[in-house]
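Asker: Note that numbering that gives the first Met the number 0 gives residue 95 to position 96 of the sequence shown, counting from 1, and the numbers run on in steps of one. Got a structure for you, written out below as structure tokens; questions coming shortly.
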Amino acid sequence: MSAAKELFGGAITVSLPTDLIDASDFRQVPDTQEVFVSSTSDISLIVEVLQSVDATDLRQAAGLHFDALAHDNDATSQTIADTAENPNGSDGTTPDPVVLYGTQTVKKFNSRSADEVRILLALYRVPDKNVDLVMTMNVPMTSAKGGAVSEADWTAARATFDVAAKSLRIVDYGLFA
């Protein structure tokens, strides 16, 4: 079951599963992020306000954000499987996202073995504010510490992400002032 959630004090709304837990309820989250975690696996979803990257082509910009995420994750490998425009039906009130699907191999929590993490990334470019709003979902397919998901769970996670990417609405552009 999904429900509309207000992010950044209501400046953004998005439809997310009700079983996702707001990480700010139990840990510190930067003001530029909204972080949600699954109650049943290590899947996480992050919405982040970032400065626009230097790429005018939105597919290339999404790739740059994916690369930055790989760098931040200390990924030992990364692969982009697909990048596509994803009309959201908002009649221009919210930019249409470019959605990227990829995989990163990441060593987490000082583990000796690497985890395979599938990444779903949606980029919403707000050019007049020099902002890239980026939503990412991290889906661990293998995990040394547990919390990995099955292929069926991956399919469900991807469907959840697609609904979230299409439903995200920027309600108050003052957020980016």
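Don't be surprised by glycine CBs; every beta carbon is placed ideally from N, CA and C. Owing to the predicted nature of the structure, the values given are computational and were not obtained by experimental measurement.
For Glu-5, which residues of its own chain have a beta-carbon under 6 Å away from its beta-carbon, when the five flanking residues on both sides are left out?
Answerer: So the qualifying residues of the chain are Thr-12.
Asker: Please report the distance separating the alpha-carbon of Ser-38 from that of Leu-99.
Answerer: Each residue's Cα considered, the two are about 25 Å apart.
Asker: So what does DSSP say about Gly-91, is it helix, strand or coil?
Answerer: Correct three-state label for Gly-91: coil.
Asker: Does DSSP classify Arg-168 as helix, strand or coil?
Answerer: DSSP places Arg-168 in strand when its eight states are reduced to three.
Asker: Strictly by DSSP, which residues pair up with Gln-59?
Answerer: According to DSSP, Gln-59 bridges with nothing at all.
Asker: Here's the rule: buried if 16 or more other CB atoms are within 10 angstroms of the residue's CB, otherwise exposed. What is Pro-29?
Answerer: Pro-29 should be labelled exposed.
Asker: When burial is assigned at 16 or more other CB atoms within 10 Å of the CB, is Phe-25 buried or exposed?
Answerer: So Phe-25 counts as exposed.
Asker: Specify whether the region 74–81 and the region 40–50 touch according to this definition: at least 3 beta carbon pairs, one from each stretch, less than 8 Å apart.
Answerer: No, because fewer than three Cβ pairs between the region 74–81 and the region 40–50 fall closer than 8 Å, the two stretches do not touch.
Asker: Please name the residue, chosen from Glu-115, Leu-132, Ala-151, Ala-60, that lies closest to Asn-72 on a Cα-to-Cα basis.
Answerer: Residue Glu-115 is the option with its Cα nearest to Asn-72.
Asker: Determine the DSSP secondary structure at Asp-81, reduced to helix, strand or coil.
Answerer: Three-state DSSP puts Asp-81 in a strand.
Asker: Please tell me whether Pro-96 and Tyr-123 are closer than 8 Å, where the distance is taken between their beta carbons.
Answerer: A contact, by the Cβ cut-off of 8 Å.
Asker: Under 8 Å between the Cβ atoms of Lys-144 and Ser-110?
Answerer: Yes. Within cutoff.
Asker: Starting from the N-terminal side, write out each stretch of the beta strand (DSSP E) that is 3 residues or longer and does not extend beyond the region 81–157.
Answerer: Listed in chain order, they are 97–105, 114–125, 130–139.
Asker: Rounded to the nearest angstrom, how far is the Cβ of Ser-14 from that of Ala-2, given a contact under 8 Å?
Answerer: About 7 Å; that satisfies the 8 Å criterion.
Asker: Taking the DSSP output, what are the residues bridged to Asp-21?
Answerer: Looking at the DSSP assignment, Asp-21 forms a beta bridge with Phe-35.
Asker: With 16 as the cutoff for other CB atoms within 10 Å, does His-70 come out buried or exposed?
Answerer: Label assigned to His-70: exposed.
Asker: Does the Cβ-Cβ distance between Ile-45 and Gln-32 come in under 8 Å?
Answerer: Taking 8 Å as the Cβ cut-off, Ile-45 and Gln-32 qualify as a contacting pair.
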